[in-house]
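Whatever position you read off the sequence shown (first residue = 1), add 6 for the numbering used here. Idealized CB from N, CA, C, for every residue including glycine. Since this is a predicted model, take the numbers as computed values, not measurements. See structure below.
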Amino acid sequence: MAIAKVIEVIASSTKGFEDAVTSGIAKAAETVNGIEGAWVKDTKVTVSNGKVSEWRVILSITFIVQ
Numbered sequence: 007m008a009i010a011k012v013i014e015v016i017a018s019s020t021k022g023f024e025d026a027v028t029s030g031i032a033k034a035a036e037t038v039n040g041i042e043g044a045w046v047k048d049t050k051v052t053v054s055n056g057k058v059s060e061w062r063v064i065l066s067i068t069f070i071v072q
């Protein structure tokens, strides 16, 4: 029987949402083993001078407990 755990991570990027998701998962994988998937719970942008300056995502990351 496998047991899974979920953690919440907030990640950002100046390139776009996809980069924010990718970098958030990569950073979590540095200290968490067995990541099985992620759910993008929310998205947000930061605006500066009328233009999007940063994309942010809230991720729920699921991993298997060893």
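*Assign A10 to one of three DSSP states: helix, strand, or coil.*
Here A10 sits in strand by DSSP.
- prompt: How far does the beta strand (DSSP E) with V38 in it reach, from first residue to last?
  reply: No beta strand (DSSP E) holds V38; DSSP gives it neither H nor E.
Would you kindly check if the distance between the Cβ of V46 and the Cβ of V27 is under 8 Å?
yes
At which residues does the beta strand (DSSP E) containing T20 begin and terminate? First-last for T20: undefined, no H or E at that position.
Candidates I67, V38, K11, A17: closest to T52 by CA position
A17
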